[in-house]
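Chemist:
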Amino acid sequence: QVQLVESGGGLVQPGGSLRLSCAASRNGFSIKTMAWYRQAPGKQRELVASITTNSRTDYADSVKGRFTISRDNAKNTVYLQMNSLKPEDTAVYYCYAETRVAYWGQGTQVTVSL
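So the mapping is simple: this note's numbering equals the position in the sequence shown, first residue as 1, plus 374.
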């Protein structure tokens, strides 16, 4: 079992920044890809950004140039730095980790509003 604990969500004004963190308790499992997904009300969950064990990254077109995913393998932690936030970034953000199976965090709310 891998447990994921997210933190860092909240309310921010348009143009502001937030940093999400997700700490994974490996329990002996080797974690491969880690990622952040998000789900806005009435919409499907979508991939925001992913990062492999050797730090290869991939981003949704809607966040390229504004969000940065990074990873500390020693701490089994993945981060999502979100800059220039827009109201359309409002969603519940979920951490994802892959071993032989997929694991999900409980989600953290990000709200971008005046």
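All residues carry an ideal CB built from backbone N, CA and C; glycine is no exception.
1) Would you call the region 475-488 in contact with the region 423-433, where contact means no fewer than 3 C-beta pairs closer than 8 Å?
2) Which one of Ile443, Glu462, Gly439 and Gly382 has the shortest CA to CA distance from asparagine 428?
3) Which residue's Cα is closest to the Cα of valine 437: Arg474, Pro461 and Gly416?
4) Look at valine 386 and leucine 394 and say whether their C-beta atoms are less than 8 Å apart.
5) Can you tell me where the beta strand (DSSP E) holding threonine 482 begins and where it ends?
Modeler: Here's the rundown:
1) no
2) For this step, residue 428 is matched to residue 54 along the sequence shown. Of Ile443, Glu462, Gly439 and Gly382, the residue nearest in Cα terms is Ile443.
3) One-based indexing of the sequence shown puts residue 437 at position 63. Out of Arg474, Pro461 and Gly416, Pro461 has the C-alpha closest to the C-alpha of valine 437.
4) One-based indexing of the sequence shown puts residue 386 at position 12. One-based indexing of the sequence shown puts residue 394 at position 20. No, Cβ-Cβ distance for valine 386 and leucine 394 is not below 8 Å.
5) Working through the sequence shown from its first residue, we reach residue 482 at position 108. First-last of the beta strand (DSSP E) with threonine 482: 482-486.
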